[in-house]
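Novice:
Protein chains in written order, with this note's numbering: chain A, 213 to 1128; chain B, 4 to 297.
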């Protein structure tokens, strides 16, 4: 046992003199409510505590808990997945100390709800001057098109997040609240889940209040927000996509709430409300849990540049057909000037003082506030009034003298735009470091959800601690803050039980919603990318083996075979420059360009044919589909995720580790395939994945065969090519068993094209695609024997134009066409098999097997056609969205008198031609 | 005066549009001293959703959703309006006479106390930001003792004189500072300059979108469909009353002006704006307006 292992975790823990410390009181004694946990930690010692930290980290990785940070200002669309950091040491708060938080957060939610209701209604606060009108009317977050809208449900504000700290005297102080998209609740639930696994006895021993009731009430609140008369409302989570900073939370919430995760383009406004496009047609949606900033939710009435929203959504909300939670007007409550007024508004509206004291704040638009802020600038944090500008708070202590002068000038020029807020000193909480526990500055966030006539507060929340003991540094995800679980301990459980058994929680009828059109598309592509990655990895592995084997040869069967395989690789990956078979014989196996090229196909994410690209897309799809797949998918993906990081071109993978990496990747992909095959029920989800996988496999196989076996070679070279192809498609063992060492193209084709028992054969893929399509259709019997659809058949073009309009999957023609197109390939395969026994493989005078080439190329084209038909039948085809503005025509009376209409002008978007 | 207005807008696209969403401000309300006698909006292809409401600023607005694939969209709005109730504020006998008599700054102070509308229209809006430059441009018209109406008329005259009407100089989204620098533009720009100048002095002003009856060229017959949509400035006089001034033609917006919408700036009230789903590269727009007396 090393010294570190037995080290007392509290050794060297010294609290900050001025700040409140959660663990130690001012005498340096452990606070009583921490004693059980501290004893347990002391028994464990630092070493085993660190083991727990490692387990925590592993579990988080397995659960796929991440957040995204932008890579840099140059690449706004690229984000890093960062592992969510969780300290295994919680914050322990006895119920009686938490009580003011509970009551204070309820009070604040009530207050914010009243303010929101007034601002979008009678505006008495503005008329009476309780709130300076320009504070609200100048804020772009005040959505005029939502004025007059009253959402169903008892509260206009359904969700709120409140940020607070522990002040030096042990009291709680609030420094902000979140109403736009209060985030963090799903992370808090996840943190608790992990800690319950990593330290079950501690959680149990401490009598920690459970978070589950919060989730239950969250669901209930969403149901309660449904439009009047809707019995069993359908709720969706509207996400901004996998690139959002809190994308994990979007998917986790959808999974925890049991709702579909959708994006703007999945939803459409119709005359009877908002519909979600599913693979079986549109279904109505009643409640939208918005994880997208309100301004982006409707390009028609809000931000016209948004492509993430649902045009017409505001109108549907106004018509009472759908409820958005939080409402589209809620962001105005994050106005810093309003926040500064809360103590006053609480007295005005509720006739009482705030239970939780706010950080003192002064709006500079008020002359007294302005002079206070300017006089005390160094002690304040300066915040822009509106959050629409995305400007962050200004920490005046970090400014240079020149910056401070500049800030002063800005405040004097536009006082209305700034608020000065007291700089709070957060208390500290113990965090685990390699030296044991250390105090770290800590901020807390908890959440309120509307419940009948009141609000319910999560008994706990999300705490975040500074990563080091540096003073005054901001505590945020971007600066590497740790997250911590908050344990509210003891207290009466009647409340909790009461909520558990809440009377109107009627059992909900099991409902298996059809996947949305977007989910279906992601599933289909999940299948395709997984298969693409696997076959690319296999082929790369075989090529690397063969190249090593024959690197000393400049001529002979070795280089010829490698050349043929490279032609296959360039064919199936579509990477350039193309290697085609005619030059295949002249490949120089030692050339550095070849090495570089192979390295690129492995690791260059920018090349759409690369292995890295397929894996990235696969991971994106799986992220997007978290709510559809089995929980263990995360286990498999955590590992693959790591391999993809290893592939990062910046990480310069050493050549000798590439083979191992390829094997690991293949292994990961096989685990994924196993999971898909063993853990998913055979509903639409599975059939879309399977159809994608089968089509991809058939295309790859045909491409590989077309690139390698359509040319006659010397017996030695042919045998080498055949063996390599068989290894690539994982059929070498079967082949040897069946045909022993006799290598012939016709027996290869027998195994790889015709054998309907070989899961790698073309026949097998076609059979299964057809089964998938029939199951997806779920409809009445489809006539099967239709042949002879030419590729230029109008159904292809029709399919494309019809998508998104009238032609829904329920109306059989498209489905019939698709199945018929698959059958047609099968028929052609049968014809070709007949041809094989006669002239199918006879080479022409230049050694080309033209019949085989022609057959394979036709198959590939037809498979692509099938893929297009599936897309057109089931997926949303997102057309470019354009916003159009009709300009004001202009008239100048005097000139109009000179010549009719001659002087008027039409202004418009640059490509708009005015025609007069 | 009574008018019948026919406002016909045709969009032609070079590829099918599968869905189209529109927000239309083309329907006169009974406000601003005008009486709307009838109005009718027809859209081809037939919208799946067509709903009307009165917006935050009191304008009638229509929202339409079209899901029928189309390459041509026709919006026809017809209305009959009586503008006989529109008073000339200078001759008006009621409270707004103060606007014609009191020094402008004194009147301004009366206006701004306790009036939410007044506050709303003195603030910055998305397309009009108050500035020192705008204030200095407007100031020469605003001698301390000058009554409001007189000062505003003078500002209108100066804009009309200083700015050149030039249809090529600006686009729909040309920033106000640029208009102020190049001193060229069209009615929308002139209205924005004037609204910005007034707001920079703390006066509540709005952007008005509407129609103007035009005279035929001398000796020629009146042609149908050659009138235009137009834009001018509304000056707030308190208690919900507005008066219009047209800097483009340097005259009060009298009975020949028909208001369709008032907003903080053009962005609040374009005659039609929308979102379409299409691969189309080009949109051809044809607008014809006919204003004739009945």
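Ideal placement from N, C-alpha and C gives every residue a C-beta, glycine not left out. Treat the numbers as computed from the prediction; the structure is a model and nothing was measured.
My output table needs one value for residue 29 of chain B: the three-state DSSP class, helix, strand or coil.
Specialist: strand
Novice: Rounded to the nearest angstrom, what separates residue 240 of chain A and residue 426 of chain A at their Cα positions?
Specialist: 35 Å
Novice: Using a Cβ-Cβ cutoff of 8 Å, what residues of the segment 104-133 of chain B are near chain A? List them in chain order.
Specialist: Within the segment 104-133 of chain B, the residues whose Cβ lies closer than 8 Å to some Cβ of chain A are 117, 119, 122, 123, 126, 127 and 129, listed in chain order.
Novice: Rounded C-beta distance between residue 634 of chain A and residue 573 of chain A? I'm assuming under 8 Å.
Specialist: 7 Å
Novice: Could you tell me the distance, in whole angstroms, from the CA atom of residue 3 of chain B to the CA atom of residue 603 of chain A?
Specialist: Residue 3 of chain B lies beyond the residue range present for chain B, which begins at 4 and ends at 297; the question has no answer from this structure.
Novice: What is the DSSP secondary structure of residue 726 of chain A, reduced to helix, strand or coil?
Specialist: If DSSP states are grouped into helix, strand and coil, residue 726 of chain A belongs with coil.
Novice: Could you tell me which chain B residues have their CB closer than 7 Å to the CB of residue 523 of chain A, listed as they occur along the chain?
Specialist: 24 and 278
Novice: Could you round the C-beta distance between residue 808 of chain A and residue 932 of chain A to whole angstroms and report it? I think they count as a contact, below 8 Å.
Specialist: That pair is no contact at about 25 Å.
Novice: Apart from the five residues on each side of it in sequence, which residues of its chain come closer than 6 Å, Cβ to Cβ, to residue 326 of chain A?
Specialist: 561
Novice: Examine chain B for any beta-carbon lying closer than 9 Å to the beta-carbon of residue 224 of chain A, and answer yes or no.
Specialist: no
Novice: Could you pull the start and end residues of the alpha helix (DSSP H) that residue 4 of chain B belongs to?
Specialist: Unbroken run through residue 4 of chain B: none, as it is neither H nor E.
Novice: Beta-carbon within less than 6 Å of residue 88 of chain B's beta-carbon, same chain only, minus the 5 sequence neighbours each way: which residues are those?
Specialist: 36
Novice: Terminal residues of the continuous alpha helix (DSSP H) containing residue 345 of chain A?
Specialist: 345-349
Novice: In this structure, how does DSSP classify residue 461 of chain A when only helix, strand and coil are distinguished?
Specialist: helix
Novice: Look at the alpha carbon of residue 1029 of chain A and the alpha carbon of residue 978 of chain A, and state the distance between them as a whole number of angstroms.
Specialist: Residue 1029 of chain A and residue 978 of chain A: Cα-Cα distance of roughly 15 Å.
Novice: Hey, would you say residue 833 of chain A sits closer than 9 Å to residue 738 of chain A, going by beta carbons?
Specialist: yes
Novice: I'd like the ranges of any alpha helix (DSSP H) spanning at least 4 consecutive residues and lying wholly in the segment 895-945 of chain A.
Specialist: 896-920 and 927-940
Novice: Mapping the DSSP letters down to three states, classify residue 181 of chain B as helix, strand or coil.
Specialist: helix
Novice: Can you grab the Cα-Cα spacing for the pair residue 992 of chain A / residue 982 of chain A, in whole Å?
Specialist: For residue 992 of chain A, the predicted model reports a pLDDT of 38, less than 50, meaning its position is unreliable; a value from the coordinates is still stated below. Going from the Cα of residue 992 of chain A to the Cα of residue 982 of chain A covers about 15 Å.
Novice: May I have the straight-line CA-CA distance separating residue 11 of chain B from residue 362 of chain A, to the nearest angstrom?
Specialist: When the Cα atoms are used, residue 11 of chain B and residue 362 of chain A turn out to be separated by approximately 35 Å.
Novice: Starting from residue 661 of chain A, trace the beta strand (DSSP E) in both directions and tell me its first and last residue.
Specialist: 648-663
Novice: At what residues does the beta strand (DSSP E) containing residue 212 of chain B begin and finish?
Specialist: 208-215
Novice: By the three-class DSSP mapping on this structure, what secondary structure does residue 232 of chain A have?
Specialist: coil
Novice: Go through the segment 232-275 of chain A residue by residue and report every complete run of the beta strand (DSSP E) that reaches 3 residues or more, in order.
Specialist: none
Novice: Residue 936 of chain A and residue 758 of chain A look like a contact to me (Cβ under 8 Å); what is the Cβ gap, rounded to whole Å?
Specialist: Right, their Cβ atoms sit about 6 Å apart.
Novice: Contact between the segment 121-133 of chain B and the segment 158-175 of chain B: three or more CB pairs below 8 Å?
Specialist: no
Novice: Mapping DSSP to helix, strand and coil, what is residue 1082 of chain A?
Specialist: helix
Novice: Residue 224 of chain A to residue 281 of chain A, Cα distance in whole Å?
Specialist: 34 Å
Novice: Can you check whether the C-beta of residue 8 of chain B is within less than 9 Å of a C-beta belonging to chain A?
Specialist: no
Novice: Residues of chain A with CB under 8 Å from residue 56 of chain B, in chain order?
Specialist: 530
Novice: Using a Cβ-Cβ cut-off of 9 Å, state whether residue 744 of chain A counts as contacting chain B.
Specialist: no
Novice: Based on the DSSP output, what are the partners of residue 81 of chain B in its beta bridges?
Specialist: B:9 and B:43
Novice: Does residue 836 of chain A come out as helix, strand or coil in the three-state DSSP assignment?
Specialist: When secondary structure is reduced to three states using DSSP, residue 836 of chain A falls in the helix class.
Novice: Determine, using beta carbons only, whether residue 196 of chain B comes closer than 9 Å to chain A.
Specialist: no
Novice: With a Cβ-Cβ cutoff of 9 Å, do residue 353 of chain A and residue 229 of chain A count as a contact?
Specialist: no
Novice: Any idea if residue 29 of chain B is buried or exposed, counting beta-carbon neighbours within 10 angstroms, 16 or more meaning buried?
Specialist: buried
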